[in-house]
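Asks: For the protein sequence lines, the chains are A, B and C, in the order given. Residues 11 to 193 (this note's numbering) make up the first sequence, in order. Residues 1364 to 1711 (this note's numbering) make up the second sequence, in order. Residues 9 to 96 (this note's numbering) make up the third sequence, in order. Backbone N, C-alpha and C define an ideal beta-carbon position, used for all residues, glycine too.
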Amino acid sequence: MFLPNVLAASSLVSVQPGLIFWTLVTFIIVFFVLKAKAWGPILQLVEEREKQISAAIESAKRERAEAEKLLADQKTAISEARRQAAEETRRNQQEMEKFREELMAKSRKEAEELKLSARREIDEQKTKAIAEVRAMAVDLAMEVAGKLMSERMDDSKHRALAEQFVKGLPLSGSGNAGVRRSA
Amino acid sequence: MRKAMVLFACLFVATAWASESGGHGEGNEPSVPDYILHHVADTNDFELEVPLSHPIHLGAIPPIRIGSCAPVMTDHGLQAPTGWPGLMAGCLDLSITKHTVMMWLAALLLIGTILIWSNRDKTKMVPRGTGANLIEMLVLFIRDEMAIKNIGKEDGPRYVPYLLTAFFFILFMNLLGLVPWMATATGNLAVTAGLALCTFFVTQAAGIRSAGLGGYLKHLTGGVHWTLWIIMVPVEILGLISKPFALTMRLFANMLAGHIVLFFLIGLIFILGHPAVAAVSVPFAFAIYLLELFVAFVQAYVFTLLSALFIGMAVATGHHHDDHGHADDHGHGHSELGPSHDHGKAHA
Amino acid sequence: MVEQEPPKKVASDGSELGSMARHMRAAEPYVSAVWKLVGGAVVGVLGGYWLDKKLGTAPWLLLGLSLLGICVGFYGFLREMARLGKRK
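1. Check His1687(B) in the structure and name its three-state DSSP category.
2. Which residues in chain B have a C-beta closer than 8 Å to the C-beta of Trp68(C)? List them in chain order.
3. Can you pull out the residues from the segment 32-49 of chain C whose beta carbon lies closer than 7 Å to at least one beta carbon of chain B?
4. Can you find a CB in chain C that lies within less than 8 Å of the CB of Met1676(B)?
5. Got a sec: is the Cβ-Cβ distance from Met28(C) to anything in chain B below 8 Å?
6. I'd like to know whether the C-beta atoms of Met1618(B) and Thr1549(B) end up nearer to each other than 8 Å.
7. Please work out which residues of its chain come closer than 6 Å, Cβ to Cβ, to Val1640(B), disregarding the five sequence neighbours upstream and downstream, and give them in chain order.
8. Drop a sphere of 10 angstroms on the beta-carbon of Pro1396(B), count the other beta-carbons inside from all chains shown, and report buried for 16 or more, exposed for fewer.
9. Where Ala1663(B) and Ala1510(B) are concerned, what is the direct C-alpha to C-alpha distance, given to the nearest angstrom?
10. Can you tell me which of the three DSSP states Ile1459(B) falls into?
11. Smallest Cα separation from Gly1585(B): which of Leu25(C), Val42(C), Leu69(C)?
12. To the nearest angstrom, how far is it from the Cα of Leu1635(B) to the Cα of Ala1648(B)?
13. I believe Thr1547(B) touches Met1536(B) by the beta-carbon criterion, under 8 Å. Please report the beta-carbon distance rounded to the nearest angstrom.
14. Looking at chain B, is there any beta carbon in it that lies within less than 8 Å of the beta carbon of Tyr83(C)?
15. Among Thr1406(B), Trp1544(B), Pro1524(B), Met1466(B), whose alpha-carbon lies nearest the alpha-carbon of Phe1626(B)?
16. Please state if the CB of Phe42(A) and the CB of Phe1532(B) are separated by a distance shorter than 8 Å.
17. Is the beta carbon of Leu1478(B) closer than 8 Å to that of Lys47(A)?
18. For Leu158(A), list the residues DSSP reports as bridge partners.
19. For Asn1513(B), I'd like the list of residues in its chain whose CB is within less than 8 Å of its CB, leaving aside the five on either flank, ordered along the chain.
20. In the segment 1461-1489 of chain B, which residues sit with their C-beta less than 8 Å from some C-beta in chain A, listed in chain order?
21. Given that Ile1498(B) touches chain A, what residues does it touch there, using C-beta distances under 9 Å?
22. Since Asp165(A) is in the alpha helix (DSSP H), which residue starts that stretch and which ends it?
23. Who are the near neighbours of Lys44(C) in its chain, counting only those whose CB is closer than 7 Å to its CB and skipping five residues on each side?
24. Identify which residue in Leu1503(B), Thr1463(B), Thr1460(B) has its Cα closest to the Cα of Val56(A).
25. Give me the residue from Leu1468(B), Pro1425(B), Asn1551(B), Leu1471(B) with the minimum Cα distance to Leu1400(B).
26. Is the beta carbon of Asp60(C) closer than 8 Å to that of Leu75(C)?
27. Which chain A residues sit within Cβ distance under 8 Å of Pro1524(B)?
28. Tell me, to the nearest whole angstrom, how far the beta carbon of Gly77(C) is from that of Val53(C); I am working on the premise that it is less than 8 Å.
29. Going by alpha carbons, who is nearest to Gly93(C) out of Pro67(C), Pro37(C), Tyr57(C)?
30. Suppose contacts are defined by Cβ-Cβ distances below 8 Å. Is Ala1679(B) in contact with Arg33(C) by that definition?
31. Quick check on Gly56(C) - is its C-beta less than 8 Å from some C-beta in chain B?
32. Evaluate Asn1391(B) with the Cβ neighbour count: other Cβ atoms within 10 Å of its Cβ, from every protein chain shown; 16 or more gives buried, anything less gives exposed.
33. Could you give the DSSP three-state label for Asp1408(B): helix, strand or coil?
34. Just how far apart, CA to CA, sit Val1596(B) and Leu29(A)?
35. How would you write the range of the alpha helix (DSSP H) that Leu1591(B) sits in, first residue to last?
36. I need the boundaries of the alpha helix (DSSP H) containing Ile1571(B), first residue and last residue.
Now the structure itself:
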């Protein structure tokens, strides 16, 4: 009873090279069959799928980034437009202001000029009038003096006299007429 | 599978009852250890085991032997390998044994199952159906959790088909052994040694691929002066072999131990000789059977995981050698290896 | 050698590796060093024994090769440790 047991047990731990050979052969055949028919296609499919998924995620990310960029662009464009519009308004206002000021200045200048010319005219007229009045006064004085003295006075001699007299008269009008005269 | 378990349990209960009616100790009945050892041993006799009785002989496949195979006469008949000269004497025994047939059956079942389940609409990116989903889940698991986590993102995917094949092949052999009247091929040292040899070859190929042939050989010499190579090279080779050896023993011992425990629990009924023992040992055996189902998966997983780990370490050794000034050897090795230039470039 | 360090970091970054793989890789040089120490003796003894049996020179080859194996193992171990220490 003991010996067969030992023999059987020793056959458990003995290695039959033939079986190793068959194991290797079987394994290699199974490996190549399954690699060609199952693992290869499955792994390829899985890789393909992973590639697609990662590509999809990538493209989604990219698209989102693009959309965000677009949005940001648009935002900046809008704000830029708004800023430009404000700038434009401001510039317009400024220009208008400037134009108004210019206009005002021009009109003021014109008014000033008008006033000046009017004054000049007035002065001229005044001087002319004063001169006339003087001439008239001289004539009158001479006539009066002639009548008073009832004698025919030498016209030019007496005229010079009268003029001298009139010149000595205090000016009744504006003082500056007298000043101008004396100058 | 559940049906098989129920059948299995019924079988043992029936056996227990039979033991009472039939009695025991008649002398020509096989003893329990004999029975167990006979069950797990590999022979080229095929028989249908009948509990408590002599098995029904199904016939034998004539042995196939290559080389100089004059029979060595022993007292115990012509039981291989004791009765025949071994490989050292120039005789390769290629006999188709019970475990060979089981292995082939597992291989056929595996190929059939995987091909049926992976045959799906290839234009659709998403699998449809339980089988296709299951396979894809396992494929992804082995790729992401084993290959990439142990070998690396760069080199990992290359070894996925190997790891997948090893996992499923071992799993199918383990599970087939749990079907009544079948045998566990992975409970045979030669089968596990063959599987570990596959991992060994793949590991060495990975090492050569990553370090280049020069770097690989340099690593094999252990970095000592050439006069000491006569000692150092065997040491390094032994070191390389120790890993697949561990794989071999682990798978073999686990698969065998479970079966022996299972049978021994049932055998307890006959050893103690009372049917009441069945009330305890049959539930225990059933629990062990469930455990064995779990172990079948775990051992396939562990074998694959360790294979991935070893491949990863071989790849890392190659990388590590690159960094220590063997760049010239590296480049040279790659030019010999041909289609693996991409790898070298990743380093440069 | 020093300037080759950065590419190594890039090539085998290892962030995707599991913790077991990382630890095994970290331990591998030490395991290999210890194995050199032990394996040298083992190879010396076994090789000597086998050669003695083959050539009928017992026990000289066993003694000689064992001694050689132990020495080579020790030498290999020290060398490896020195290299590891330098790398650190």
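Replies: With the given structure in hand:
1. The residue you call residue 1687(B) lines up with position 324 of the second sequence. Note that His1687(B) scores a pLDDT of 46, beneath 50, so its modelled location is shaky; the value from the coordinates is reported in the next line. DSSP places His1687(B) in coil when its eight states are reduced to three.
2. Here the question's residue 68(C) lines up with position 60 in the third sequence. The premise fails here: Trp68(C) is roughly 17 Å from chain B at the closest Cβ pair, so nothing lies under 8 Å.
3. So the list reads Met32, Arg33, Glu36, Ser40, Trp43, Lys44, Gly47, Gly48, given in the order they occur along the chain.
4. One-based indexing of the second sequence puts residue 1676(B) at position 313. Chain C, which has a Cβ nearer than 8 Å to the Cβ of Met1676(B), makes this yes.
5. Position 20 of the third sequence holds residue 28(C). Chain B contact via Cβ: present.
6. Here residue 1618(B) corresponds to residue number 255 of the second sequence, with the count starting at 1. Here residue 1549(B) corresponds to residue number 186 of the second sequence, with the count starting at 1. Contact: yes.
7. Residue mapping note: residue 1640(B) aligns to position 277 of the second sequence, counting from 1. Close CB contacts of Val1640(B) within its chain, under the 6 Å cut and outside five residues either way in sequence, are with Leu1631, Ile1632 (chain order).
8. Here residue 1396(B) corresponds to residue number 33 of the second sequence, with the count starting at 1. Per the 10 Å Cβ criterion, buried.
9. Taking the first residue of the second sequence as position 1, residue 1663(B) is located at position 300. Taking the first residue of the second sequence as position 1, residue 1510(B) is located at position 147. Approximately 15 Å between the Cα atoms of the pair.
10. Here the question's residue 1459(B) lines up with position 96 in the second sequence. Here Ile1459(B) sits in coil by DSSP.
11. If you number the second sequence from 1, residue 1585(B) lands on position 222. Taking only the C-alpha atoms, the option nearest Gly1585(B) is Val42(C).
12. Counted from its first residue, the second sequence places residue 1635(B) at position 272. Counted from its first residue, the second sequence places residue 1648(B) at position 285. Using only the alpha carbons, I get a separation of about 16 Å.
13. As a working note, residue 1547(B) is residue 184 in the second sequence. As a working note, residue 1536(B) is residue 173 in the second sequence. The Cβ separation is near 7 Å, so the contact holds.
14. Locating residue 83(C) in the third sequence gives position 75, counting from the first residue. It does: the Cβ of Tyr83(C) has a partner Cβ on chain B nearer than 8 Å.
15. By one-based count along the second sequence, residue 1626(B) stands at place 263. When only C-alpha atoms are compared, the closest one is Trp1544(B).
16. Here the question's residue 1532(B) lines up with position 169 in the second sequence. Here the question's residue 42(A) lines up with position 32 in the first sequence. No; because the gap between Cβ atoms is not below 8 Å, this pair is not in contact.
17. Numbered from 1 along the first sequence, position 37 holds the residue referred to as residue 47(A). Numbered from 1 along the second sequence, position 115 holds the residue referred to as residue 1478(B). Their beta carbons are under 8 Å apart, which means Lys47(A) touches Leu1478(B) by this criterion.
18. In the first sequence, counting from the first residue as 1, residue 158(A) sits at position 148. Beta-bridge pairing links Leu158(A) to no other residue.
19. As a working mapping, residue 1513(B) is identified with position 150 in the second sequence. So the qualifying residues of the chain are Gly1519, Leu1668, Ala1671, Leu1672, Ile1674, Gly1675.
20. Against chain A - using a Cβ distance shorter than 8 Å - the residues of the segment 1461-1489 of chain B are His1462, Thr1463, Met1466, Trp1467, Ala1470, Leu1473, Ile1474, Ile1477, Leu1478, Ser1481, Lys1485, Met1488, Val1489.
21. Locating residue 1498(B) in the second sequence gives position 135, where the first residue counts as 1. Within 9 Å Cβ-Cβ: Ala48, Ile52.
22. As a first step, residue 165(A) is located in the first sequence; it is residue number 155 there, counting from the start. Residues 165-178.
23. Taking the first residue of the third sequence as position 1, residue 44(C) is located at position 36. Within the same chain, Cβ atoms closer than 7 Å to the Cβ of Lys44(C) are found at Gly81, Gly84, Phe85, Glu88, the five residues on either side in sequence being excluded.
24. By 1-based counting over the first sequence, the position of residue 56(A) is 46. If we check each option's Cα against that of Val56(A), Leu1503(B) comes out closest.
25. Indexing the second sequence from 1 puts residue 1400(B) at position 37. Nearest of Leu1468(B), Pro1425(B), Asn1551(B), Leu1471(B) to Leu1400(B), Cα basis: Asn1551(B).
26. On the third sequence, position 67 is the one that residue 75(C) refers to. On the third sequence, position 52 is the one that residue 60(C) refers to. Leu75(C) places its beta carbon 8 Å or farther from that of Asp60(C).
27. Translated into positions along the second sequence, residue 1524(B) becomes position 161. Neighbours of Pro1524(B) across chain A, judged by C-beta separation under 8 Å: Phe41, Leu44, Lys45, Trp49, Gly50, Leu53.
28. Locating residue 77(C) in the third sequence gives position 69, counting from the first residue. Locating residue 53(C) in the third sequence gives position 45, counting from the first residue. About 7 Å separates the two Cβ atoms, so the contact holds.
29. The residue given as residue 93(C) occupies position 85 in the third sequence. Looking at the Cα atoms, Pro37(C) is the closest of the given residues.
30. Walking along the second sequence from the start, residue 1679(B) turns up at place 316. Walking along the third sequence from the start, residue 33(C) turns up at place 25. Yes. Within cutoff.
31. Here residue 56(C) is taken as the residue at index 48 of the third sequence, counted from 1. For Gly56(C), the answer is no, since every Cβ of chain B falls outside 8 Å of its Cβ.
32. The count along the second sequence starts at 1 and reaches residue 1391(B) at position 28. Confidence in Asn1391(B) is poor, its pLDDT being 49 and thus under 50, which makes the residue's placement too unreliable to answer from.
33. In the second sequence, residue 1408(B) corresponds to position 45, counting from 1. Strand, per DSSP.
34. Looking up residue 1596(B) in the second sequence gives position 233. Looking up residue 29(A) in the first sequence gives position 19. Rounded to the nearest angstrom, the two C-alpha atoms are 29 Å apart.
35. Walking along the second sequence from the start, residue 1591(B) turns up at place 228. Judged by DSSP secondary structure, Leu1591(B) falls outside any alpha helix (DSSP H); it is assigned neither H nor E.
36. As a position in the second sequence, residue 1571(B) is number 208, starting the count at 1. For Ile1571(B), the enclosing alpha helix (DSSP H) covers residues 1552-1583.
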